[in-house]
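Residue numbers (this note's numbering), protein chains in the order written: chain A, 1 to 433; chain B, 1001 to 1543; chain C, 2001 to 2361; chain D, 3001 to 3269. Quick notes on the structure that follows.
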Amino acid sequence: MRKRDLIKRLVLGSGLALGLSAVLSAAAADDTIKVGVLHSLSGTMAISETTLKDTVLMLVEEQNKKGGLLGKKLEAVVVDPASNWPLFAEKARELIAKDKVAAVFGCWTSVSRKSVLPVFEELNGLLFYPVQYEGEESSKNVFYTGAAPNQQAIPAVDYLMNDLGVKRWVLAGTDYVYPRTTNKILEAYLKQKGVAAEDIMINYTPFGHSDWQSIVADIKKFGGAGKKTAVVSTINGDANVPFYKELGNQGVSAEDIPVVAFSVGEEELSGIDTKPLVGHLAAWNYFMSVDTPENAAFIKQWHAFIKDPKRVTNDPMEAHKIGFDLWVKAVEKAGSTATDKVVKAIVGLETPNLTGGIAKMLPNHHITKPVLIGEIQDDGQFAVVWQTEGTVPGDAWSDFLPGSKDLEGDWTAPINCGNYNIKTKTCLGSAAK
Amino acid sequence: MRITASHHRGRGLAGAFFSLILAGMTWWGTAAAGTLEEALPGLADRAFAVKQQAVQAIAATGDSRAFPILQALLAGDLYTREGADPPLVVARRTGTGWSLRDPLTRADLGEVEWEAVKKIPLNNALRTALRGGIATLTLSSPDPAVRSRAAKDLMRDPSPESVAALRVRLEQEQDAAVRTTLVLAVAVADLRVGTPEARLAAVSTLEGSLHPEARNGLTTLIANETNADVKAAAERALTAIDSRLTWNARAETLFFGLSLGSVLVLAAIGLAITFGVMGVINMAHGELMMLGAYTTYLVQQALPGWVDYSLFVAIPAAFIVSGLFGIAIERTVIRFLYGRPLETLLATFGISLILQQLVRTVISAQNVAVENPSWMSGSLHINPALALTYNRLYILAFALLVFVALLLILKRTALGLQVRAVSQNRAMARAMGVRSARVDALTFGLGAGIAGVAGVALSQLTNVGPNMGQAYIIDSFMVVVFGGVGNLWGTLIGGMTLGVANKFMEPWAGAVLAKILVLVFIILFIQKRPRGLFPQRGRAADG
Amino acid sequence: MGIVKALKGDTGGQVMLAVLLVVTLVVPVLNLAVPETSFWHVSTYTVTLLGKYLTYALLAVAVDLVWGYLGILSLGHGAFFALGGYAMGMYLMRQIGDRGVYGDPLLPDFMVFLNWKELPWFWNGFDMFWFAALMAILVPGVLAYVFGYLAFRSRVTGVYLSIITQALTYALMLAFFRNEMGFGGNNGLTDFKELLGFDLQSDGTRAGLFIASAAALALGYLACRMIVTSRLGRVAVAIRDAESRTRFIGYRVERVKVAIFAFSAMLAGVAGALYVPQVGIINPGEFSPLNSIELVIWVAVGGRATLYGAVVGALMVNYGKSTFTAMFPEAWLFALGALFVLVTLLLPRGIAGWLPARRAG
Amino acid sequence: MGGQVERWQYLNPGKTLAETLDISHTTLLYVEGVTVSFDGFRALNDLSFYVDVGELRCVIGPNGAGKTTMMDVITGKTRPDAGYVFFGQSINLLELDEPRIAQAGIGRKFQKPTVFEQHQVYENLELAMAGDKRVWPTLTARLSGAQRDRIDEVLGIIGLRDHAWRPAGALSHGQKQWLEIGMLLMQDPLLLLVDEPVAGMTHQEMDRTAELLLSLEGKHSVVVVEHDMDFVRSIAKRVTVLHQGSVLAEGSMDEVQHDPRVVEVYLGE
C-alpha cells in the first residue's frame, strides 16, 4: 500500500509541479518590464560570463534610478545555462515563454548563440549579443553589439602589415567556428594582399589546451626565416595563459614575434601574471585605459556597483552597455516593448561609444565601432598604439568568403532579410517568407 | 628582468664604468647630436615616433648619465609629472605613493601620492630602440657578460652606427667569449652590408653556427644574393646548420614529452595512492589539485614582494590544506563506502561539484593570477638553438622528487607499512592491531596532499580557476590504469610514456588527434593487459 | 501476454506506466486544446521540457539495465546517446535543404562557410528518415558490440571497465570537436527546420515528439522488464553477483554481457534520436564524460536494479536542475553536489530503496 | 558403458562433444605430467592423476599441496605450463574454456560456497540446469514439466524442498554447500569436483553430506578434496595423497595411512 502511495507522490509530484510552476509563472505580475539575463554562472564559461551578468544588473539598476522605462520599473530575470548549450536553448525558451521578458542580454560562445537562435526566431524574442564573433549571421531577432571580423581582425592585420612590416603570419586558434571562420577570412585577405601561401602557418588546438611547448617551438622555427613574423591569435580565453607563459619562457619576446590576440582583454589579463606578455597586442573596440569622460564615468559606476575598485572593465561589457542604451532608446521611441516595434525603431538609433565616436545600429543589426590596437602593459592594462580614424560599420557577411561575398543583411523595408543576395536580388534560405 | 640585473651592477661600478664609456665613445663625435638636456624632453612627448628619436639622440650623446635614464625608461620607472620641475622623474613605488628622483642629478625629490605622476608608455618599436641604445652604451662595460649581451642585442637588427660600434669594440676586445660573439655579430652585419668578399668571409664564419640570427641572415642572403659563389657557400652553410638543428629538434621533442609526462605523473600520483592503494575512485582529485593551486595564490597574496620564495611556503601549505580537505572527505564520506569503489566515484563526483562552486563563491569565478618566481622563468641554453625552459625543468625534477619521497614513505615508514598491510588484508591488519580507520584517513590525506602539491606545480604552468581540476582528472585516471593500479612505478613510467608518445605524435598528427590516438591506444592496451603495465595482486586490483 | 508476465510483481513499474499513460494523454490536450488564458493550459515550453525528461528517463533505464542487473558501470553511455542524436541531427540537417542561410541545396551551412566543396561520404543516405533512424540504433549498437566484445573477452571488469568506457566517450568528444570530422565541430548541428515534413517549431510537432518519447520510454521499459524477468535476466544478475560461478555452470559470460550491453546502447541511441529534435541542437558537449557520470547518478538516485527507479531518478534530478538553475543560479551546484553525496551515503539503493527489500535488487 | 552415453545424450541434445566422448577404457579423466608454476613457485609438479567412470575419489594433502590448483587446471581456470588433461579418450580439456568444459560434463564446487545469493534456491537450480545456454535460447527459455520434476528431484536430494523459495543468501552455511552440490547435479555432470564440502559444518550436516556424496557414486564420478580425515574415512574407497604438487601415494584409506612417506609428511608438519 505504502509502496503505491510513495511512487505516486514521486512521479505525479514531479509531473504536476512542472505543470504548476509553468502555469504560475505564466500568470506573472505585469507592472514591470522584465529583462532576461542569459549568461553562464557555472561551468567553463562562468569565468567570462558572470561579469556580464553583473554588468546587465548594473545597467538595469541605473535605469531604474532614472525612473525606469515607459513609467515601469525594469526587473532583471537571471538564469544559469551552466555552459551547457542545449540548456541555453531551454533557458531562452523559459525566459521568453514563461517569464515573458521584453529582451534578453546574453550568450558568449558562438555555439550558445546558435543554440538559442531558433528559439528567438520562433518565439519572436530579442537577443543582444555582446561578444566579438565570426559574422556570417544576421537575424531579425538578434542584435550583434560585439565586433564582426571586419571590425577587429582585418584592421589588426592591416596594422601589423603596414606599421610593423610583418611579412610572415601565424594564424593560431582554438578549434571552433570563430577562429576557423576568422582565419579563413584572414587567409583570403592576406593572399589578396600578395602574401605567399608558405608565409602563412595555420594551427588549431583544442579548448583549454595547456601544453604549448611544441607549438611555440614551431612558431619560433617559422619565425626564424629572416622575415618579420607575427602571430594572429584567436586562441580562446582559457588556453591563453599557458600559451603566453610558454612564449615568455622560450624567450619569444614581443619585439621578435608580436602576438595580436582577439580574445584577450582586461578580464583575461586580470587572471594572468602579465610580465611575460608585456608588448604583445590585442585588437578590441574598447580598452579600459582609454580616457574619455564616458569611460571614466562607466568605470566609476562599475566599481561602485561591484564594490571592488580592483575589478576591470572590458569590451563585451561596453557592448552590453551600448546594446542596453540602444534598446532603451528604441523602446522609448516605439513607446512599447513589442519586438516588432522595437526592431523597427532601433535601426539608425545612436549612442556614444565609451571610447569616443558614435555607435549606430545598422540595418544588418550590427553597429559601428572604432577599432583600437593596444599593447599589453605590465599592469594588465593596454596602451593604445593605433586606432582607426572614425568608426567601422559591422559587416555581417564577409566579403572575403566565397559563400557570402554577395550577401547583405538588411532588416528595413523593403528588403527585410538577413541574407539578401545583392546579385540575384533574392532573400536566401530560411529567411524567405 | 635580466636588464635590470645588469642595471644594478652598472650603478655599482658607476664611476670607472662611465669614464670608460666616454673613452669608447670618442668616435661618436660626428654622430653626437646635441646634449642630453636637449634630447631629454622628447621622452615626455605623447607620440611614440618623437620618443624614439629622443631615445636615439640620448644614446648618441654618449653622456654618462644617458645609460641609467634609458634603463629606467625600459624598466618602466620613468614618469612624467605636471607643473613641476623637472617634468621627467624616476619613480619607485612606496607603500603610500611614489618616491621620486631626478633622472639627471639623481637627487632625491621626496615623495608624492598616486595620481601625481604618469608613466611613460612604451611600445615595441621604442623598446627595440632602447635596447639598441643601451647596447651601444654598454658595449664597453667592464663586465664581459654585459658586453656580450650588448653584442647579441646589436646583432638583432644592426644599424650602420651599431655595426661601426661593433667593429670598434672588436679591435679592443680581449675576452675570448665576447670576441666570438662580436665576430658573429659583425659577420651577421656583413651579410647585409658587406662587400662580396666580406660576405663570403662572413658566410664561412657563420657556417654551422646555431644562432637564430645566423640562420636568418643566411636565408635572407640566399633570398636576394646576386653573387653565385656567395650564394652557393651560403646554401652549404645553411644545410650544415639545418642538419645540426634536426638533432636539436629531436632532443627538444623528447624534453617536451618528458615534461608533459612529469605533469601527468604529478597529477596522477596522488590518485595512485587513493585509487591504487585504497581502491577509492576519487573524482574530486582534480579539485584537490585546484585547492593546492589556490593555496599558492593565497600565499602570494599574503606575502607580496616575496614571489621568489612564495613557492617554498606554498608547497607545504598546499600539502596541508589539500591533505586536511582529503582527511575531512575521508572521515565524512568515503569511510562509509569502502569496498564499493563505484559508489565512491559517485559521492566524490558530488564533492567535486561542491568544491568548484565553493571556490567560485568564496574567491571568484574568474581565474586568478599566480606569479612565476624569477628563477622559474626563462630557459637554460644548452646551445643557441636548444633551450630547456626552467619552469619545465624544475617541474620535471619536482615530479621525480615527489615520486621518490612517496616511494620512501610507503616502503620505509611505519605508516607505509600499515598502509600496505591494510590495503592487502584489512581484517588481518586490524587483528594485528593496526588502527585501520586512522590509517585510511592518513592514506587518503597523503594522496590528497600530493594532489595539492601537484596543484602548486600546475599553477606555474596554466590557469588557476575553478575548472582547472576537471582538465586533469581523466588523464590522471588513464595514467594510473595504464601504469597498473596500486603500483607507483607503473604510474611514473606510464605517465612518462604517454607524455613522450603524445609529443612525438603531435608534429604529424596535431595536438587533438595525438590525444585521441593516445586514448585509443590505452583502450586497446587494457584489452591486452587488463591490469596495466605493472599488474598487482591485492584488494585494489578487483574493483 | 509477455507484457503481463514482465510486469508481474513490479508495482512500481505498473504505477509508473499508468502515470506515464495519463500524462501522455492529458498534457498534449491541455497544451493544444486548452486556451493560453486558462489556468489549465500547459505551455509548449513545459511540453518540450517533459519530452526532454522522458528521453533522459529512457537513457537512465538503459544504464540501469547494464549497471543494476549486469553489474557493468558504464561511464560512456552518454556517447551512445550522443551518437543516436547525431544520426538524427544529420537527418534534420539534410531536411533543411536550400533553406540554410546560404541557400545551398546540398551542403549544411557550416560546410559552406568553411567552404567545403562536396558532402562527405558518410552524410549520404541521411536524407532518408528510415536510414537515419536505423543508424541511430545501429551505430551505437555496433560500437557497443565491438567495444564490449574486446573488453569482456579479455575480462576487463569493474573499475577498469568504467574507466575505459570513460576514455571511449572522451576520445569521441575530442574527435567530434574537430571540424575536419565534418560534424560541425564545436557548434555541432543546429537550426533544424522540420522532421518528416512537420515544422519543428509548431506546437503540434512538439506534442507529437512528446508522445513519441513517452511511447519509446514505455516500450523500452517493457523490453527491459522482459529481459530482466527472463532466465537471461537471472543469468545477468548471477554474473553480477558471482561471475566465475556462472562460468562454471556453463554460461558464456562475455556473450551475455555483450548482448545486453549492445541492446542497452541501442536504447540510449533511440533516446538520443528523440532528444535532439526537442532541444534543437546536438554538439560534442553531449559526449562529455561528466554527462555520463551524471546520468549514472540519476540511476543511483532513483535506485539501481529497479528500472522504474531509474525513470523516477532521471525525472527528479532533471526537474530539480531546471528549477534550481532558475531559482538560485549561484547555488544550485551545491544542491546537486550534496544530492549526489547524500544519496550514495544514505540511500545506497536510491529512492526505490525505501520500499521493502525486493528480490534481485 | 552404454548407460553413460545415453545419459550423456539426454544431457546435451545435439552436442557433438557427446559423440566424441569416448570412455571405452573406463577411465573418465586423464591428468598427465601437468606442471603449473606461479612466478617461480611450482604449484603442480609433473602431476599425473586418473579417475575412473563412476568412482568416488578422495584427494588429501597438506596445505599448498596443489589440490585446488589441480581443480583449476581441470576446469580450465588455470592453463598448465606442461602436460595433458583429457576427458575420456578424445576431449582435450586444455583446448576448452570454463563454460565449454562445464558443458562437456564437469561440475565444480568451490572451496568457499558460491551460490547466487540474490536468487531463490529454486532459481539457482534452474540456472544451473543442463540445457542450451546460448544467449537467445536463454532469453526465451521456459521451464518444461520434465525440467520442473528434475529440479524438484534435486531439491529432494539436497534436502532443501522447504527452502525452495527463499533467497539463497538467507541459507545457512551448510545449506549453501548442499545447494551448490545440487547445482552441480542439475548440470548432470559425468564428473563432480567437490572442494572441501564439509568445511564449517556441524556433525549432523557432515553425515548428511556424506550420504549425499555416497548416493552419487556410480551415477557420477566424484572427486572430493577434503582436510577432515574422519569425513574422508567415512566415504573414501580410494584416496590420493598430494604433496608438493605431485602424487605421493594412492590406494585405500588404510594403505595410505600406513604409507611411511605419508606419515612422515603429515607428522613432518
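In this text, a Cβ means the ideal position worked out from N, Cα and C, and glycines have one as well.
| query | result |
| --- | --- |
| So the alpha helix (DSSP H) THR3069(D) belongs to, where does it begin and stop? | 3067-3074 |
| Rounded to the nearest angstrom, what separates ASN1123(B) and ILE96(A) at their Cα positions? | 48 Å |
| Under a Cβ-count criterion, where at least 16 other Cβ atoms within 10 Å of its own Cβ denotes burial, should GLY1483(B) be classed as buried or exposed? | buried |
| In whole angstroms, what separates the C-alpha of GLU1225(B) from that of LYS1231(B)? | 6 Å |
| Could you name the residues of chain B that ASP273(A) contacts, counting a contact when the two beta carbons are closer than 7 Å? | ALA1369, VAL1370, GLU1371, ASN1372 |
| Could you tell me whether any Cβ in chain D is nearer than 7 Å to the Cβ of ARG2245(C)? | yes |
| In whole angstroms, give me the CA-to-CA distance for GLY2303(C) and GLY2309(C). | 5 Å |
| From what residue to what residue does the beta strand (DSSP E) around GLY1110(B) run? | 1108-1113 |
| Rounding to the nearest angstrom, what Cα-Cα distance links ARG93(A) and LEU74(A) in this structure? | 20 Å |
| Identify whether ILE2072(C) lies in helix, strand or coil by the three-state DSSP scheme. | coil |
| Would a check of beta-carbon distances place LYS3133(D) closer than 7 Å to chain C? | yes |
| Quick check: does the Cβ of TRP302(A) come within less than 6 Å of any heavy atom belonging to the ligand NAP? | Questions concerning the ligand NAP fall outside what the structure shown contains, since it holds no ligand whatsoever. |
| Tell whether a beta-carbon distance below 7 Å holds between ALA2314(C) and TRP2298(C). | yes |
| Applying a beta-carbon distance threshold of less than 8 Å, which residues of chain B neighbour ASN249(A)? | SER1377, GLY1378, SER1379, THR1389, TYR1390, ASN1391, ARG1392 |
| Is it the case that the Cβ atoms of VAL104(A) and LEU38(A) are separated by a distance below 7 Å? | yes |
| ARG3148(D) touches chain C at which residues, Cβ-Cβ below 9 Å? | Simply none; closest approach about 14 Å. |
| Could you check which residue in LEU1078(B), ALA1116(B), PHE1067(B), LYS1503(B) has the C-alpha nearest to that of ARG1250(B)? | LYS1503(B) |
| Alpha carbon to alpha carbon, how far is ILE3106(D) from VAL3222(D)? Give it in angstroms, no decimals. | 10 Å |
| Can you tell me the Cβ-Cβ gap for ALA1547(B) and VAL1265(B), rounded? I've got them flagged as a contact below 8 Å. | A question about residue 1547(B) goes unanswered here, because the residues of chain B that appear run from 1001 up to 1543. |
| For VAL1280(B) and ILE1351(B), which I take to be in contact (beta-carbon distance under 8 Å), what is that distance rounded to the nearest angstrom? | VAL1280(B) to ILE1351(B), Cβ: 12 Å. No contact. |
| Between GLN1052(B) and LEU1126(B), is the Cβ-Cβ spacing less than 7 Å? | yes |
| Apart from the five residues on each side of it in sequence, which residues of its chain come closer than 8 Å, Cβ to Cβ, to ALA1237(B)? | VAL1203, SER1204, LEU1206, GLU1207, GLY1208, LEU1218 |
| Along the beta strand (DSSP E) that carries ALA3236(D), what are the first and last residues, could you check? | No beta strand (DSSP E) contains ALA3236(D), which DSSP labels as neither H nor E. |
| Taking just the CA atoms, how far does ALA1135(B) sit from ALA1150(B)? | 4 Å |
| Determine the chain C residues that contact ARG180(A) at a beta-carbon separation under 7 Å, and present them in chain order. | LEU2114, ASN2179 |
| Name the chain B residues whose beta carbon is nearer than 7 Å to that of ARG2155(C)? | PRO1530 |
| Within this structure, are the beta carbons of GLU2254(C) and PHE2152(C) separated by less than 7 Å? | yes |
| Just to confirm, are PRO3080(D) and VAL3034(D) a CB contact at a threshold of 7 Å? | yes |
| Please name the residues in the segment 2002-2024 of chain C whose beta-carbon is closer than 9 Å to at least one beta-carbon of chain D, in chain order. | none |
| Hey, is the segment 2209-2222 of chain C in contact with the segment 2019-2026 of chain C, meaning 3+ C-beta pairs nearer than 8 Å? | yes |
| Looking at the C-beta of TYR2149(C), does it have a partner C-beta in chain D at a distance below 7 Å? | no |
| Is DSSP giving ALA2006(C) helix, strand or coil here? | helix |
| Go through the segment 3188-3266 of chain D residue by residue and report every complete run of the alpha helix (DSSP H) that reaches 4 residues or more, in order. | 3203-3216, 3229-3235, 3253-3258 |
| Would a check of beta-carbon distances place GLN1366(B) closer than 7 Å to chain A? | yes |
| So, is GLY2353(C) buried or exposed, given that buried needs 16 or more other C-beta atoms within 10 angstroms? | buried |
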